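Quick note on numbering: my numbering labels position 25 of the sequence shown as 528, and the sequence is numbered without any gaps.
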Amino acid sequence: TPTPTPIKPDDGNVKTGESSMPLTAACAVLLVSVLAVLMTRRKKNRE
């Protein structure tokens, strides 16, 4: 997972602020999609 900006406890919240929300949402969607693909592949392999 590429990180464009290093997350710091102090500067991170100030610089990113609201812009960090869409990034986290996108990461969550990607994680869910990857998990779904892995689960479907495992189910296909079992069958």
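By construction, the Cβ of each residue, glycine as well, lies at the ideal position given by its N, Cα and C atoms.
Just so it is clear, the structure is predicted and the values come from calculations on it, not from any experiment.
Residue i to residue j span [Cα, whole Å]
i	j	result
L538	R545	10 Å
L526	K547	32 Å
G515	M542	For G515, the predicted model reports a pLDDT of 47, less than 50, meaning its position is unreliable and no value from the coordinates is stated.
V524	L534	Here residue 524 turns out to be Met, not Val, going by the sequence shown. Cα to Cα, M524 sits roughly 15 Å from L534.
V532	V540	12 Å
E550	S536	21 Å
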